[in-house]
Amino acid sequence: MPPTPCALCNANRALIIRPKNHQKLCKACFITLFETEIHNTITTNSLFSSGERVAIGASGGKDSTVLASVLKTLNERYHYGLNLLLLSIDEGIKGYRDDSLETVKRNAVQYDMPLEIVGYDELYGWTMDQVVSQIGKKGNCTYCGVFRRQALDRGAARLGINHVVTGHNADDIAETVMMNLLRGDLPRLARATSIVTASAASDIKRSKPLKYAYEKEIVLYAHHKGLDYFTTECIYSPEAFRGSARTLIKSLERVRPSAILDVVRSGEDMARLVPEEVSGGRKGGKDVLVVEGEAEGGGGCGNANGRASGGEMADMEKQLLQNEGAQDKETEVTGKGQKHDRNCEGSNRMARKLPKQQMGKCARCGYLSSQNICKACMLLEGLNRNRPKTQIQVSVEEEDNSPTLTRRMEGLTVIPGQQT
Amino acid sequence: MDTKSCDGAKVPVIVEFTGGLESLFSDQRKHLVSLPSTDENGQSANLAFLVRYLCENLMADKRKEMFVMDGTVRPGILVLINDADWELEGEDQYELKRNDNILFVSTLHGG
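Okay, structure coming up:
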């Protein structure tokens, strides 16, 4: 085949064919156009204000690496006046996160941005390796997702920053739209399509500047710019439902490349049809868990398949609802079918929503929460309750410096009596 | 002499795997592959043949479906022929030339 000339400059050889419109571009024109489109997304949605300090949720993976690179470029080119930082979460997964954090450290140097790393061990007293050794691989993504959201917020708060950007791309959004469609979960569908998510559970704003960018173009951008990013699967189990949605989206893209953006747009249109009291509203986003695990879960998770989602998350919600601590102040999660109708006997279909959002502080950790005990603390309670069974004989001393654990250990003295 | 019909003639190509795909190929990113210049039916070696050849001869991992699906490269894996999207080059019907660089990039991992 003779080389195809670039559709824009007509001079160089076209190397890229754009999924959304089949436009054939050379390397230089592609890079410029890709950046310009992100710029347009940013300005159209007024994502930033001059002088703002913005933390980039950085995993070392392709999406957040491209996001950091593009934001640095645009900030300089268009004088956004942003103060950009990298914020990384160390989940404590040996052979995975420790390697990807090395990439983030190199990125910090390459992009000349300060880097803050927040670890699950310092925040929660548990690394994901420990969580998995306790609960097994099944369902571990849920813990990771719940912990991550709070960790990103706390990391941002520590830095005095109230805006975190994440690398969610069009393929991620399309996947989430499909998953929520397949689950009949309109409230989540509505929230997931939103480019900015402010949640009542947090005073930290989240946004997704790459929302309309194809994963394919993100990878090509990284390739043609020679960006340094990390790729390895999270060593813990992938989530089957998202994996299937992902395969479906990629197969659709092969047949009809515009399908991905079309699904995103369909999601946006459907979101507009969802009444605010069902979706929780754009600003109100009442249900912490939903935002934690679902629409926002990916920022720090290197494995798209591993993002907390699907059945696991629903199961976990059920479990949490059954948790005594959650009973009195439980926010009724809307639109999820009968499993959440626990408190709504006699209510008709339309009346089951209307969550009452009362923001307060978690009674355990003092973190901003819509419930008496925040989700992270509820998960921790379950973890800590079971921990001594497997670990007490190994070493008690080394756990002394964790206040949460110490409390658990005190509680433990009662339990042996009951068992014998 | 027509080299294409000559038994044992090879086309040397550089094959690279990135984006997580290298884990299926002995964790090695770059491979120098001497591809038979004709396929099973005596046709000039094209990309479809290369993919079959890689599956049978180079792929260490048993999970072939991570690389191929329905007889072609799995959706979500980008193929660049000398840095150009394979869609610009005739996809798997592209006939390989000596020293071509074929890059397979997964978009399915990491992020």
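If you read the sequences in order, they're chains A and B. First residue of the first sequence? That's 1 in UniProt numbering, and the numbers climb one at a time after it. First residue of the second sequence? That's 1 in UniProt numbering, and the numbers climb one at a time after it. All residues carry an ideal CB built from backbone N, CA and C; glycine is no exception.
Next item on the list: Taking 8 Å as the cut-off, decide whether the C-beta atoms of V33 (chain B) and L58 (chain B) are in contact.
Entry: Against the second sequence, residue 33 (chain B) aligns to sequence position 33. Against the second sequence, residue 58 (chain B) aligns to sequence position 58. Taking 8 Å as the Cβ cut-off, V33 (chain B) and L58 (chain B) qualify as a contacting pair.
Check: Any Cβ of chain C within less than 8 Å of the Cβ of L88 (chain B)?
Finding: The question asks about chain C, but that chain is absent: this structure's protein chains are A and B.
Next item on the list: Keeping to the same chain, check which residues put their C-beta closer than 6 Å to that of K216 (chain A); ignore five residues upstream and five downstream.
Entry: Within the first sequence, the letter at position 216 stands for residue 216 (chain A). So the qualifying residues of the chain are P19.
Checklist line | Near-chain A residues of the region 72-103 of chain B (beta-carbon distance less than 7 Å), N- to C-terminal order | finding: P75, G76, L78, D83, A84, D85, E87, L88, E89, G90
Margin query: Quick check: what's the CA-CA separation for N99 (chain B) versus A55 (chain A)?
Written below: Counting from one through the second sequence, the residue named residue 99 (chain B) turns up at place 99. Counting from one through the first sequence, the residue named residue 55 (chain A) turns up at place 55. Between N99 (chain B) and A55 (chain A), the C-alpha separation is close to 44 Å.
Checklist line | Residue burial classification, H109 (chain B) (beta-carbon count within 10 angstroms, cutoff 16) | finding: Numbered from its first residue, the second sequence carries residue 109 (chain B) at position 109. By the neighbour-count rule (16 or more Cβ atoms within 10 Å), H109 (chain B) is buried.
Notebook entry, point to check: If V263 (chain A) sits next to M178 (chain A), beta carbons under 8 Å apart, how far is it from one beta carbon to the other, in whole angstroms?
Noted result: Mapped onto the first sequence, residue 263 (chain A) falls at position 263. Mapped onto the first sequence, residue 178 (chain A) falls at position 178. 7 Å between Cβ atoms; contact.
Notebook entry, point to check: Looking at the C-beta of G19 (chain B), does it have a partner C-beta in chain A at a distance below 8 Å?
Noted result: The residue labelled residue 19 (chain B) in the question sits at position 19 within the second sequence. It does; some Cβ of chain A falls within 8 Å.
Checklist line | Cβ of H109 (chain B) within 8 Å of any chain A Cβ | finding: Numbered from 1 along the second sequence, position 109 holds the residue referred to as residue 109 (chain B). Yes, H109 (chain B) lies at the interface with chain A (some Cβ there is under 8 Å from its Cβ).
Notebook entry, point to check: What residue does the alpha helix (DSSP H) around D172 (chain A) start on, and which one ends it?
Noted result: What you label residue 172 (chain A) is simply residue 172 of the first sequence in a count that begins at 1. Run containing D172 (chain A): 170-183, per the alpha helix (DSSP H) assignment.
Next item on the list: Can you give me, in chain order, the residues of the region 14-30 of chain A that have a beta carbon less than 7 Å from any beta carbon in chain B?
Entry: A14, L15, I16, I17, K24
Checklist line | Cβ-based burial, A14 (chain A) [other Cβ within 10 Å; buried from 16] | finding: For this step, residue 14 (chain A) is matched to residue 14 along the first sequence. Counting the other CB atoms within 10 Å of its CB gives A14 (chain A) a total of 16 or more, which places it among the buried residues.
Notebook entry, point to check: At which residues does the alpha helix (DSSP H) containing V146 (chain A) begin and terminate?
Noted result: Here residue 146 (chain A) refers to the residue found at position 146 of the first sequence. First-last of the alpha helix (DSSP H) with V146 (chain A): 140-158.
Note to self: Looking at the secondary structure, which residues open and close the alpha helix (DSSP H) in which G243 (chain A) lies?
What the structure shows: The residue given as residue 243 (chain A) occupies position 243 in the first sequence. Residues 240-255.
Note to self: Which of the three DSSP states is assigned to P75 (chain B) in this structure?
What the structure shows: Here residue 75 (chain B) refers to the residue found at position 75 of the second sequence. Looking at P75 (chain B) - three-state DSSP - the assignment turns out to be coil, as it is neither helix nor strand.
Notebook entry, point to check: How close, in whole Å, do the beta carbons of M104 (chain B) and I81 (chain B) come, if the pair is a contact with beta carbons under 8 Å?
Noted result: To locate residue 104 (chain B), count along the second sequence from 1; it is residue 104. To locate residue 81 (chain B), count along the second sequence from 1; it is residue 81. According to the sequence shown, residue 104 (chain B) is Phe rather than Met. Wrong, their Cβ atoms sit about 11 Å apart, outside the cutoff.
Note to self: Taking a contact to mean a Cβ-Cβ separation below 8 Å, would you say D129 (chain A) touches G92 (chain A) in this structure?
What the structure shows: Mapped onto the first sequence, residue 129 (chain A) falls at position 129. Mapped onto the first sequence, residue 92 (chain A) falls at position 92. Yes.
Item checked: Span separating the alpha-carbon of C9 (chain A) from that of N40 (chain A) -> Residue mapping note: residue 9 (chain A) aligns to position 9 of the first sequence, counting from 1. Residue mapping note: residue 40 (chain A) aligns to position 40 of the first sequence, counting from 1. Near 21 Å, if we compare the C-alpha coordinates of N40 (chain A) and C9 (chain A).
Check: When the distance is taken between beta carbons, is G160 (chain A) closer than 8 Å to S64 (chain A)?
Finding: In the first sequence, counting from the first residue as 1, residue 64 (chain A) sits at position 64. In the first sequence, counting from the first residue as 1, residue 160 (chain A) sits at position 160. Contact flag unset, no.
Notebook entry, point to check: Grouping DSSP H, G and I as helix and E and B as strand, with all else coil, what is K94 (chain A)?
Noted result: Counting from 1 along the first sequence, the entry for residue 94 (chain A) is found at position 94. Note: K94 (chain A) maps to coil in three-state DSSP.
Item checked: D171 (chain A) versus Y94 (chain B) - alpha carbon distance -> Looking up residue 171 (chain A) in the first sequence gives position 171. Looking up residue 94 (chain B) in the second sequence gives position 94. Computed Cα separation, rounded: 28 Å.
Margin query: Please confirm whether R364 (chain A) has its beta-carbon closer than 8 Å to some beta-carbon of chain B.
Written below: Here residue 364 (chain A) is taken as the residue at index 364 of the first sequence, counted from 1. No - not a single Cβ of chain B is within 8 Å of the one on R364 (chain A).
Next item on the list: Would you please verify whether the beta carbon of R254 (chain A) is less than 8 Å from any beta carbon of chain B?
Entry: Working through the first sequence from its first residue, we reach residue 254 (chain A) at position 254. Cβ-Cβ to chain B under 8 Å: yes for R254 (chain A).
Margin query: Could you give the first and the last residue of the continuous beta strand (DSSP E) run that contains V105 (chain B)?
Written below: Residue 105 (chain B) sits at position 105 when you count from the first residue of the second sequence. 101-106 is the span of the beta strand (DSSP E), which, as asked, contains V105 (chain B).
Next item on the list: Report the option in B:L54, B:T72, B:V73 whose CA atom is closest to the CA atom of S26 (chain B).
Entry: Locating residue 26 (chain B) in the second sequence gives position 26, counting from the first residue. Considering only alpha carbons, the answer is B:L54.
Next item on the list: Give the secondary structure of T193 (chain A) by DSSP, where H, G and I count as helix, E and B as strand, and everything else as coil.
Entry: Residue numbering aside, residue 193 (chain A) sits at position 193 when the first sequence is read from its first letter. T193 (chain A) falls in the coil class under three-state DSSP.
Item checked: Neighbourhood of L50 (chain B) by C-beta distance below 8 Å, restricted to the same chain and skipping five residues each side -> Counted from its first residue, the second sequence places residue 50 (chain B) at position 50. The residues are V13, V15, V33, L35, L96, I102.
Note to self: Rounded to whole angstroms, what is the Cα-Cα separation between D269 (chain A) and W86 (chain B)?
What the structure shows: Position 269 of the first sequence holds residue 269 (chain A). Position 86 of the second sequence holds residue 86 (chain B). If you take the alpha carbons of D269 (chain A) and W86 (chain B), they lie about 34 Å apart.
Check: Nearest CA to the CA of T18 (chain B): which residue from B:F67, B:T72, B:G71?
Finding: Residue numbering aside, residue 18 (chain B) sits at position 18 when the second sequence is read from its first letter. Closest by alpha carbon: B:F67.
Margin query: Assuming contact is defined by CB atoms lying nearer than 8 Å, are Y229 (chain A) and K27 (chain A) in contact in what I supplied?
Written below: Here residue 229 (chain A) corresponds to residue number 229 of the first sequence, with the count starting at 1. Here residue 27 (chain A) corresponds to residue number 27 of the first sequence, with the count starting at 1. Not in contact: Y229 (chain A) and K27 (chain A) (Cβ atoms no closer than 8 Å).
Notebook entry, point to check: Could you give the C-beta distance for Y221 (chain A) and L261 (chain A), rounded to a whole number, given that I count them as a contact under 8 Å?
Noted result: For this step, residue 221 (chain A) is matched to residue 221 along the first sequence. For this step, residue 261 (chain A) is matched to residue 261 along the first sequence. Actually they are not in contact, since the Cβ atoms of Y221 (chain A) and L261 (chain A) sit about 17 Å apart, beyond 8 Å.
Check: Which whole-angstrom value describes the C-beta separation of L47 (chain B) and D92 (chain B), a residue pair presumed to lie in contact below a C-beta threshold of 8 Å?
Finding: For this step, residue 47 (chain B) is matched to residue 47 along the second sequence. For this step, residue 92 (chain B) is matched to residue 92 along the second sequence. Contact between L47 (chain B) and D92 (chain B) holds, with the beta-carbon distance rounding to 4 Å and staying under 8 Å.
Next item on the list: At 7 Å on the CB atoms, spell out the chain A contacts of V11 (chain B), in chain order.
Entry: The residue you call residue 11 (chain B) lines up with position 11 of the second sequence. Residues of chain A with a Cβ closer than 7 Å to the Cβ of V11 (chain B) do not exist, since the nearest Cβ in that chain sits about 18 Å away.
Notebook entry, point to check: What separation, rounded to the nearest whole angstrom, lies between the Cα atoms of T72 (chain B) and A156 (chain A)?
Noted result: Here residue 72 (chain B) corresponds to residue number 72 of the second sequence, with the count starting at 1. Here residue 156 (chain A) corresponds to residue number 156 of the first sequence, with the count starting at 1. Approximately 44 Å between the Cα atoms of the pair.
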